[in-house]
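*Asks:*
Numbering (our numbering), first residue to last: 2 to 260.
(1) Do the stretch 212 to 231 and the stretch 59 to 71 meet, that is, are 3 or more Cβ pairs less than 8 angstroms apart?
(2) Quick one: grab the DSSP three-state call for residue 172.
(3) Give the range of the beta strand (DSSP E) segment to which residue 1 is assigned.
(4) Leaving out the 5 sequence neighbours to the left and right, which residues in its chain are closer than 7 angstroms to residue 197 when beta-carbon positions are compared?
(5) For residue 106, I'd like the list of residues in its chain whose CB is within less than 6 angstroms of its CB, leaving aside the five on either flank, ordered along the chain.
(6) Quick one: what does DSSP say residue 157 is sitting in, helix, strand or coil?
(7) Quick one: any contact between the stretch 120 to 134 and the stretch 250 to 257, if contact means 3 or more CB pairs under 8 angstroms?
(8) Pull up the distance between the alpha-carbon of residue 103 and that of residue 79, whole angstroms please.
(9) In this structure, how does DSSP classify residue 241 when only helix, strand and coil are distinguished?
(10) What is the rounded straight-line gap between the Cα of residue 232 and the Cα of residue 52?
(11) Residue 184 by DSSP, collapsed to three states: which one?
(12) What is the DSSP secondary structure of residue 9, counted as helix, strand or coil?
(13) By Cβ distance below 6 angstroms, which residues in the same chain neighbour residue 90 in space, the five residues on each side in sequence not counted?
(14) Kindly indicate which residue of 129, 190, 183 and 166 has the alpha-carbon position closest to the one of residue 148.
(15) From the DSSP secondary-structure annotation, give me the bridge partner or partners of residue 130.
(16) Using 10 angstroms around the beta-carbon of residue 217, count the other beta-carbons present and answer buried if the total reaches 16, otherwise exposed.
(17) Identify every residue that forms a DSSP beta bridge with residue 223.
(18) Do you know how far the Cα of residue 193 is from the Cα of residue 58?
(19) Assign residue 221 to buried or exposed, taking buried as 16 or more other Cβ atoms, counted over all protein chains shown, within 10 Å of its Cβ.
(20) Starting from residue 142, follow the beta strand (DSSP E) in both directions and report where the run begins and ends.
(21) Which same chain residues end up closer than 6 angstroms to residue 182 when comparing Cβ atoms and leaving out the 5 residues on each side of it in sequence?
As structure tokens, this is what we get:
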């Protein structure tokens, strides 16, 4: 098991945890706290497959941007379902947005806490982009900013970055050498969120564990594909010569822990 620990000086700014930052776009993020607690059994999303298209437990983000380092406006048309898979697409924005590009984001309608979160996905290989799977909640939900991340950076898809935030405190980045190219085929990525630790897995094997200042606030299950701006040191400068760029997802699962 090869490991390489890298701490980025821009940690608190460049995580997907800024997911609902303010934006200069004319579009405003809709309230995402309509469901302040889980109202459906956790088992309802224990095995979500895209073989039959979209899931009723999730929704596509549409019509706003996050600002900060996110150089996309989320568009529902950038979230498609074909050939038994979901596609999250980065492209030039075809509408009158405040930024030049559009991205795809898919998120659960409800909030989930301790448990095992897993995804089967294929990432984008391209400088300046991120393909992700994570949990998030924050001020837009009238909650503290708590987040747990799996992020594949398009500049080097032979690695995956793990990260987490507890009440907006980050600086927990860990870069793991996969031993394969995440853009070439589908692989399973997962984390188990416990009261006292987070354990990350790749293709069923445990690869990393964190046990300090663990998040406590239930969050939404989220996936997105986006290009960055102002974070070239982290993502490299965005190369927009090959758009559209597509991350693909086959399945999502969540198993609740009684903790």
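Glycine residues also receive a C-beta, built at the ideal position from the N, C-alpha and C atoms. All values derive from a computational prediction rather than experimental measurement.
*Replies:* So, from the data block:
(1) yes
(2) If you number the chain shown from 1, residue 172 lands on position 171. The answer is coil: DSSP assigns residue 172 none of H, G, I, E or B.
(3) This structure gives no information on residue 1, because the portion of the chain shown stretches from 2 to 260.
(4) Here the question's residue 197 lines up with position 196 in the chain shown. Cβ neighbours of residue 197 beyond the five flanking positions: 212 and 215.
(5) By 1-based counting over the chain shown, the position of residue 106 is 105. Correct list, in chain order: 62, 75 and 225.
(6) As a first step, residue 157 must be located in the chain shown, where it is residue number 156. Look at residue 157 here: in three-state DSSP terms it is coil, with no helix or strand label.
(7) The stretch 120 to 134, when compared against the stretch 250 to 257, does touch it at the 8 angstroms Cβ threshold.
(8) Locating residue 103 in the chain shown gives position 102, where the first residue counts as 1. Locating residue 79 in the chain shown gives position 78, where the first residue counts as 1. If I take the Cα positions, the gap works out to 7 angstroms.
(9) Position 240 of the chain shown, counted from the start, is the residue given in the question as residue 241. DSSP, read as helix, strand or coil, puts residue 241 in coil.
(10) Residue 232 sits at position 231 when you count from the first residue of the chain shown. Residue 52 sits at position 51 when you count from the first residue of the chain shown. Near 36 angstroms, if we compare the C-alpha coordinates of residue 52 and residue 232.
(11) If you number the chain shown from 1, residue 184 lands on position 183. Correct three-state label for residue 184: coil.
(12) Position 8 of the chain shown, counted from the first residue, corresponds to residue 9. The pLDDT assigned to residue 9 is 35, lower than 50, so where the model puts this residue is not dependable, and the model offers no usable value.
(13) Reading the chain shown from its first residue, position 89 is the one you call residue 90. Once the five neighbours on either side are set aside, the close Cβ partners of residue 90 are 79, 105, 245 and 247.
(14) Within the chain shown, residue 148 is the residue found at index 147, counting from 1. Ranking the options by Cα distance to residue 148, first place goes to 166.
(15) Residue 130 sits at position 129 when you count from the first residue of the chain shown. 228, per the DSSP bridge assignment.
(16) What you label residue 217 is simply residue 216 of the chain shown in a count that begins at 1. Exposed, by the Cβ-count rule.
(17) Against the chain shown, residue 223 aligns to sequence position 222. Looking at the DSSP assignment, residue 223 forms a beta bridge with 108 and 135.
(18) Sequence index remark: in the chain shown, residue 58 carries index 57 (1-based). Sequence index remark: in the chain shown, residue 193 carries index 192 (1-based). About 20 angstroms.
(19) Start at 1 with the first residue of the chain shown, and residue 221 comes out as number 220. With 16 or more Cβ atoms within 10 Å of its Cβ, residue 221 is classed as buried.
(20) Translated into the one-based positions of the chain shown, residue 142 becomes position 141. Residue 142 -> no beta strand (DSSP E), and no H or E assigned at all.
(21) Against the chain shown, residue 182 aligns to sequence position 181. Taken in chain order, the residues that qualify are 158 and 159.
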